[in-house]
Structure formats: structure tokens, C-alpha cells
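Everything below concerns the one structure shown next.
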Ligand SMILES: NC(=O)c1ccc[n+]([C@@H]2O[C@H](COP(=O)([O-])OP(=O)(O)OC[C@H]3O[C@@H](n4cnc5c(N)ncnc54)[C@H](O)[C@@H]3O)[C@@H](O)[C@H]2O)c1
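Numbering (this note's numbering), first residue to last: -4 to 242.
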């Protein structure tokens, strides 16, 4: 068991049963955070929570009620919510050739709605306690596009959400940032792993992304989209800012 269970800051991590979320839970717990692992996969979440000396809560991020419950449980168990890492996602359930409205919704309900509901659930508690930090996991696919069209659409939207909402939250001392990892060696990539490596592509270790999330949590800036690439230092993306046309 790792982590200081007596008074460290408190993080709720969605999608914390696997991959980047699990690595983030382990890393934060190892550095004194108290963690709550929220996931659909309760067996995996329980295992990670046990390793971290934390808690787990069964959560479908696509459910507004589940997000409210996860925040309430975190506060019940640990008294506060310093960070929410809104990280759960699925690969796109369809592309253009096999599109159905249901498959499209099945993608968006987790990858976009799940973050919006998590944000909405975390904000009242963070306002009440005088601040907090929310980190959303987007993707390089949110910056460049991807053949996984609707996954990339959701990940672009998350960057727009963060850039739009962050300035509105500054007065409440709530920071809101997003991380945009490149390829990461997690179960989500398992079926493509051999092909990606055969093409010479670098896969980041999930703990590299967890370390970047820890860096972002410690950074004073808000409203940023951080690029995270294997073997490189995490840094905020500089977006072009066109001026509104005027006469
Ligand atoms: N692996 C990569 O190459 C990569 C690259 C860029 C971004 N990302 C992003 O990183 C995040 C984590 O991905 P990962 O690679 O660790 O994947 P992963 O599949 O290892 O973990 C995702 C976790 O989310 C959980 N989950 C899925 N739907 C859920 C729901 N509705 N409610 C609650 N939990 C749910 C799963 O049970 C799983 O534990 C995702 O947002 C993903 O899009 C991954």
C-alpha cells in the first residue's frame, strides 16, 4: 500500500481501473495523494484502489447521477476534492462507413458527455471549498484528427470545452486543463500494438502520462491543452489567436 492516508490532497480519477487512469492513481498515491478510482470496471477499480490505499466507486461516466455519486462518495470518504482527473473514454464505436446514430451516441456519451457531467458534478464542491483543479484527458487526436472520426470529434470538443470554460472558473480558483497524449501503451491500444511498433512509432509508458498529469496539476496555468509525447517534456500547445474582424 502506498500513499499518505491521513491528510494529503484528494483526487477522483475516472477510468482509473486501467491504463493512464490507473498509472495516475498509483503515481499520485505514491506522492501523498488520497485517491478515489471511479470506473465501470469495479474489479479493476478495486484492485487499483487497494494498491493505492484508496477507495473505488462504481461509475458510468455517461450517467450524470453516477458522476454526482462519485463526487459525493469522495467527499464522504476524504472530506474534500482537490483534483478531478476526467479520463475515462472508449474508442469510437463507428466510423463513416458503419455509422449508425446509436453507435455515434455510444461514443459521445462516454467520450464527451462523460467529461461534461464529471465537470458539472465536481464544480459545486470545488467552489464550496475555495478551489480545485480539473484535468481532462483529450488526445493528440483532438489536435490533429484521426481515422477514428467520432473519437477525434469528441477529443477536439474537450479541448474546446476546456479553453472556453477555464476563464469562467478562474474567479472561483478552479483550474481546468486538458492533456493530449500521443500513443500510449495501454490495453486500449493492445490490438494495434504490434503494427504500431512495426511502423517505428513510439509508445509512451502510461506512467509518463501520469507524470505529465502530475506536472499539470502542480502548474498554476489554466485553460491549456498540454501535448504529451513519448520521451518528450510535456508542454502547453500554442494555438493561433485570430483577431475578430472589425470595420
Ligand atoms: N492509449 C492511448 O494511446 C491514448 C492516447 C491518447 C489519449 N488516450 C486517452 O487516455 C484515456 C485513458 O485511456 P487508456 O489508454 O488508459 O484506456 P484504457 O482502456 O486502458 O482505460 C480506460 C478506462 O476507462 C473505463 N471506462 C470506459 N468507459 C467508461 C464509462 N462509461 N464510465 C467509467 N469508466 C469507463 C474503462 O473501464 C477503463 O478502465 C482516454 O481518455 C483515452 O482516450 C489514450
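Glycine residues also receive a C-beta, built at the ideal position from the N, C-alpha and C atoms.
Can you tell me the Cβ-Cβ gap for residue i and residue j, rounded? I've got them flagged as a contact below 8 Å.
i           : j           : result
residue 87  : residue 30  : That belief does not hold up - the Cβ atoms of residue 87 and residue 30 are roughly 29 Å apart, past 8 Å.
residue 20  : residue 52  : Residue 20 to residue 52, Cβ: 12 Å. No contact.
residue 62  : residue 16  : With a Cβ gap of about 15 Å, residue 62 and residue 16 do not count as contacting.
residue 84  : residue 37  : Actually they are not in contact, since the Cβ atoms of residue 84 and residue 37 sit about 18 Å apart, beyond 8 Å.
residue 167 : residue 126 : 7 Å
residue 18  : residue 32  : Going by Cβ atoms, the distance from residue 18 to residue 32 rounds to 12 Å, so no, they are not a contact pair.
residue 130 : residue 80  : 5 Å
residue 199 : residue 229 : Contact doesn't hold; Cβ gap of about 10 Å is too wide.
Can you tell me which of the three DSSP states residue i falls into?
i           : result
residue 14  : helix
residue 231 : strand
residue 94  : coil
residue 120 : helix
residue 176 : strand
residue 139 : helix
residue 54  : coil
residue 9   : strand
residue 186 : helix
residue 102 : helix
residue 66  : helix
residue 44  : helix
residue 108 : helix
residue 222 : strand
residue 34  : strand
residue 19  : helix
residue 75  : coil
Take residue i and list the residues in its own chain whose beta-carbon comes closer than 7 Å to its own, dropping the five residues that flank it on each side.
i           : result
residue 238 : none
residue 66  : 7, 76, 116, 117, 120
residue 108 : 57
Using beta carbons (cut-off 8 Å, strictly below), is residue i in contact with chain C?
i          : result
residue 90 : Within the model displayed, chain C is absent; a lone protein chain is all it includes.
Note down, in chain order, each residue of its chain lying with its Cβ closer than 6 Å to the Cβ of residue i, except the 5 sequence neighbours on either side.
i           : result
residue 102 : 87, 88, 145
residue 204 : 15, 176, 179, 223
residue 90  : 144
residue 55  : 35, 61
Can you find the residues in the same chain that come closer than 8 Å, C-beta to C-beta, to residue i, ignoring five residues on each side of it along the sequence?
i           : result
residue 232 : 138, 175, 219, 220, 221, 222
Validate contact between the segment 172 to 186 and the segment 148 to 157 using beta carbons, cut 8 Å, 3 pairs: yes
Stretch-stretch touch, CB-based, cutoff 8 Å, three pairs: the segment 212 to 220 with the segment 189 to 197: no
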